[in-house]
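J.: Sharing a structure below in structure tokens format, with a few things to ask.
2 protein chains.
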Amino acid sequence: MKNITVGKLAKYTGINLETVRYYEKIGLLPVPERTESGYRVYDDNDVKRILFINRAKELGFTLKEIKELLNLKIESGKKCGDVKNIAVRKIKNVEKKIEDLIRIKSVLEKLVAQCSNESITTNECPILEAIELN
Amino acid sequence: MKNITVGKLAKYTGINLETVRYYEKIGLLPVPERTESGYRVYDDNDVKRILFINRAKELGFTLKEIKELLNLKIESGKKCGDVKNIAVRKIKNVEKKIEDLIRIKSVLEKLVAQCSNESITTNECPILEAIELN
DNA sequence: ATAAGCACCGTAGTATAGTACGGAGTCAAG
DNA sequence: CTTGACTCCGTACTATACTACGGTGCTTAT
């Protein structure tokens with residue numbers, strides 16, 4: 000998919016056209032090429048990028064963090080250490096999220112199981128078990 | 000921990016005192032008991048609840064969704080089907096999040112590995128690989 | 001018994017992340 | 001060559017989730 004307009008980009012990704020401009024303004028989307036008449040021109044990569052942004056948001060990353068994720072690339076050997084450090088931090092962060100989600104999932108599964116054998120009543124909030132106190 | 004004040008609750012959970020009142024207003028925290036003079040009284044369970052809210056937020060749940068999660072309990076046998084339906088939906092949602100996070104994690108790990116053998120340069124955005132196009 | 005430190009309340013302000021508006025120019029189908 | 005759909009832009013508005021303010025009342029340590 001090459002040379003698509005902002006309207007199509009918005010349509011393909013399910014976001015608002017104005018949101019595309021907004022993402023451009025805050026540096027989340029690269030400044031696009033323009034046609035002679037000044038229309039923005041996008042392609043595949045922009046679609047991918049927005050889909051990634053959409054998912055990352057649902058995973059609890061802020062736009063600022065998403066920007067950081069998207070900027071994680073190794074540019075001509077230099078700054079490799081920085082990239083590595085950030086990536087390692089992000090990995091830890093992601094691992095913690097996965098752990099918590101697994102814990103939430105297992106509580107939900109337990110709840111469904113209890114629902115199946117009708118009889119049991121939980122008057123306390125079972126989901127609270129998903130978080131460990133320290 | 001019993002009979003703690005709103006200030007202590009805020010301190011233990013790392014949230015702002017005003018946020019506690021806000022959570023109460025939107026029904027995310029139960030209406031607490033009051034002292035004779037009208038002070039809110041909290042305990043362990045409220046601490047747990049707020050810690051859960053804090054984590055759930057970082058996992059990309061909105062306050063509305065968190066409320067739904069916290070209300071997932073089986074009350075005296077009835078409405079068990081509803082609870083089950085909601086829980087099953089939430090499980091699917093959580094599974095999708097876990098999958099996406101695993102994919103993001105593996106991209107980040109690949110990046111760190113590339114960083115380690117110095118030579119490779121990635122000029123494109125590697126994190127975009129974490130989302131599959133369909 | 002008095003001052004510092006909490007808590008009460010409603011209301012207003014802030015940050016983040018969009019979303020809408022409206023007047024003007026552009027493109028493409030008939 | 002016009003009409004309708006699309007795009008441009010800046011600005012302003014909205015929703016969510018807090019966060020601060022400020023006047024008053026309560027609690028507690030000296």
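Just so you know, the protein sequences line up as chains A and B, in that order.
Everything in the first sequence is counted per numbering that gives the first Met the number 0, starting at 0 for the first residue and increasing by one.
Everything in the second sequence is counted per numbering that gives the first Met the number 0, starting at 0 for the first residue and increasing by one.
Backbone N, C-alpha and C fix where the C-beta goes; we use that ideal spot for every residue, glycine too.
Under a CB-based cut-off of 7 Å, is aspartate 99 of chain A close to chain B?
T.: Yes, aspartate 99 of chain A counts as interfacial toward chain B.
J.: For a quick check, are the C-beta atoms of leucine 58 of chain B and threonine 12 of chain B less than 7 Å apart?
T.: Not closer than 7 Å, so no.
J.: In angstroms with no decimal places, state the Cα-to-Cα distance between tyrosine 22 of chain A and valine 82 of chain B.
T.: Roughly 38 Å between the two C-alpha positions.
J.: Per DSSP, which residues does isoleucine 3 of chain B bridge with? Please list them.
T.: In DSSP, isoleucine 3 of chain B forms a bridge with B:Tyr41.
J.: In chain B, what lies closer than 7 Å to lysine 89 of chain A by C-beta?
T.: Simply Leu107.
J.: Rounded to whole angstroms, how far is the Cβ of isoleucine 73 of chain B from the Cβ of cysteine 114 of chain A, which I believe are closer than 8 Å?
T.: So it is a contact: roughly 6 Å between Cβ atoms.
J.: Would you report the Cα separation of isoleucine 85 of chain B and glutamate 128 of chain B, rounded to the nearest angstrom?
T.: Straight-line Cα distance between these residues: approximately 32 Å.
J.: Under 7 Å between the Cβ atoms of leucine 140 of chain B and isoleucine 101 of chain A?
T.: Any question about residue 140 of chain B goes unanswered here, given that chain B covers just 0 to 133.
J.: So, does the CB of asparagine 133 of chain B fall closer than 7 Å to a CB anywhere in chain A?
T.: Confidence in asparagine 133 of chain B is poor, its pLDDT being 48 and thus under 50, which makes the residue's placement too unreliable to answer from.
J.: The alpha helix (DSSP H) that contains glutamate 67 of chain B, what's its start and end?
T.: Note, glutamate 67 of chain B: alpha helix (DSSP H), 62-69.
J.: In whole angstroms, what separates the C-alpha of lysine 95 of chain B from that of lysine 104 of chain A?
T.: Between lysine 95 of chain B and lysine 104 of chain A, the C-alpha separation is close to 11 Å.
J.: Can you pull the chain B neighbours of valine 111 of chain A, defined as C-beta to C-beta under 9 Å?
T.: Those are Val82, Lys83, Ala86, Val87 and Ile90, listed as they occur along chain B.
J.: Alpha carbon to alpha carbon, what distance is there between arginine 54 of chain B and asparagine 133 of chain A?
T.: Its pLDDT being 48, under 50, asparagine 133 of chain A is placed unreliably by the model, and the measurement read from it follows with that caveat. Whole-angstrom Cα-Cα distance: 14 Å.
J.: Pull the bridge partners of glutamate 32 of chain A from the DSSP assignment, please.
T.: DSSP, once it has assigned bridges, lists A:Val40 as partnering glutamate 32 of chain A.
J.: On a CA-only basis, which of A:Lys56, A:Lys47, A:Thr4 and A:Lys24 is nearest tyrosine 38 of chain A? Give me that one, please.
T.: Nearest of A:Lys56, A:Lys47, A:Thr4 and A:Lys24 to tyrosine 38 of chain A, Cα basis: A:Thr4.
J.: I'd like to know whether the C-beta atoms of leucine 107 of chain B and isoleucine 14 of chain A end up nearer to each other than 7 Å.
T.: Cβ atoms of leucine 107 of chain B and isoleucine 14 of chain A: not closer than 7 Å.
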